[in-house]
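Residue numbers (our numbering): 147 to 640. Backbone N, C-alpha and C define an ideal beta-carbon position, used for all residues, glycine too.
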RNA sequence: GAGCCGGUAGCUCAGUCGGUAGAGCAUCUGACUUUUAAUCAGAUGGUCGUGGGUUCGACCCCCGCCCGGCUCACCA
């Protein structure tokens, strides 16, 4: 048996009372004509006198967020998807019977009001209700009006409550929606074709990460939630979709942090007959377009610091960044023993057996990444850490790849694709060796992908952009949980 | 997975050398027909995350566990 405290019992008692009086506490027959925003916008310029004779009826509906009672009249704040408006409820206007009902209506209840506009003594445009109906009885009390709901655990677990009481949270998610729309608009304008590829993969490929495993009963086969759509999207380029993109979830069975959620949203796109350098230009334009259309500016603020998104963005190689931010003597960059010592000095778990490319990457991440505040493209990644990238024509030790960093975080990863099926097969084979040696993040062999490459993948560049992180940047959110409606949580303890 | 911090009324928070828990808002009762965190008077409301231990006595001290936050590790 569920235990109910006084607050809950009182509301249930009112529910029963309403039913006994023939009032449906979950009515579904109220027609709304306007949002609160439309109502306010219609009369924003009208003064007291102009509204005097205004008999235009407005029917609005929403949740009661506050009420201020004066015996035979009251003001309530009605909240709908567009915002809030104040409604004046007077006994003389709605009648005695309706007013009796109104007196038993709680904050949190959802009501429908029909009325006409007027301005109060203090000048606030309000709705004078002539009809007020209960549409949904709320059985749980809302958080306090002044401090609201701040407990982060409750905010994430009961996002509906967070959304009811915290308008800035609603704004973040509205903005997230506009950001995704702006991205789609941009991609479609640039002749990219949107697709959806499998979320359940027999082989988890396209990235190095531990997957979630699941099982298909009827087929009696193991499947993995995808860690990246990459290999499917490139199959589509083979198929002739020269420009494709997908915005969807990836799943990685790894740690949770302020910037990692087990499921996260990524846009991946592929453009045939383009190089990673073309994608740097496209990325500047894309993020510029999104920021401009959603925020109206390219000069934004994150965590109290200015971020300048205006193109062109800085471009540095991994080695240049190490020299610039790590103050490393450039003549030592290729001296493995010296660099191992520098790595150890930084507290990295490296030794002489560590590959030079991996070593440089780790040093870069430690000394440079946190300083890359304004958008910066980092290029010339070691081949060793880039199994799917095309080797640079002049220097096979590096690949044609960039990563984009903003506010000290990786936001995008892109490269000219490896389209030589023989080279690709060799790299898969090497990964299989690593896997057998115990590296459970190593790539698996994907025979069908090799077959697709054998038909011929045109020269192509591809990129992945972390949508959650982009939203964090553009909404000034400190944690990825603030931009994911239902972030992953352990089950509530009973 | 490790370290640090936290969990007290519906919400936001106090609290004590270890002596049986308090405020504001919400709720309930009453007053009030132009308020803006309305106001005034009164009242109700708690297994102090959970399970042990120490103690005459534990919200407080000790141990285990659960949940969360931050940092680190893995990674995007």
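Exposure of residue 386 is indicated by the presence of fewer than 16 other C-beta atoms within 10 angstroms of its C-beta. The Cβ atoms of residue 426 and residue 523 lie closer than 7 angstroms to each other. Bounds of any beta strand (DSSP E) do not take in residue 502; it lies within the alpha helix (DSSP H) bounded by 502 to 513. For residue 311, the closest alpha carbon among the candidates 614, 296, 325 is that of 296. The beta carbons of residue 409 and residue 391 sit no closer together than 7 angstroms. Using a Cβ distance threshold of 7 angstroms, residue 383 and residue 359 do not count as a contacting pair. Check the Cα spacing between residue 348 and each of 365, 446, 612, 546: the tightest is with 365. Residue 215 has 220 as its beta-bridge partners, per DSSP. Beyond the five residues adjoining it in sequence on each side, residue 369 comes within less than 8 angstroms, by CB distance, of 346, 347, 348, 359, 360, 361, 362 in the same chain, given in chain order. Residue pairing from DSSP places residue 528 in a beta bridge opposite 544.
Annotated as distal: residue 265 and residue 273, with beta-carbon spacing of 7 angstroms or more. By the C-beta density criterion, residue 259 is buried, having at least 16 other C-beta atoms within 10 angstroms. At the C-beta level, residue 634 and residue 407 come within 7 angstroms of one another.
For residue 591, no beta strand (DSSP E) run applies, since DSSP gives it neither H nor E. For residue 614, the enclosing alpha helix (DSSP H) starts and ends at 613 to 621. Contact check for residue 279 against residue 176 passes: the beta carbons are separated by less than 7 angstroms. Cβ atoms of residue 482 and residue 498 come within 8 angstroms of each other, at about 7 angstroms. Here residue 491 is exposed: its Cβ has fewer than 16 other Cβ atoms, across all protein chains shown, within 10 Å. Around the beta carbon of residue 404, a 10 Å sphere encloses fewer than 16 other beta carbons of the protein chains shown; the residue is thus reported as exposed. Residue pairing by DSSP places residue 552 opposite 555 in a beta bridge. Rounded to whole angstroms, the separation of the alpha carbons of residue 254 and residue 152 is 16 angstroms. Leaving aside the five residues that flank residue 194 on each side, the residues in its chain whose CB is nearer than 7 angstroms to its CB run, in chain order, 265. Fewer than three beta-carbon pairs drawn from the region 462 to 478 and the region 529 to 537 are found closer than 8 angstroms, and the two stretches are therefore not classed as touching.
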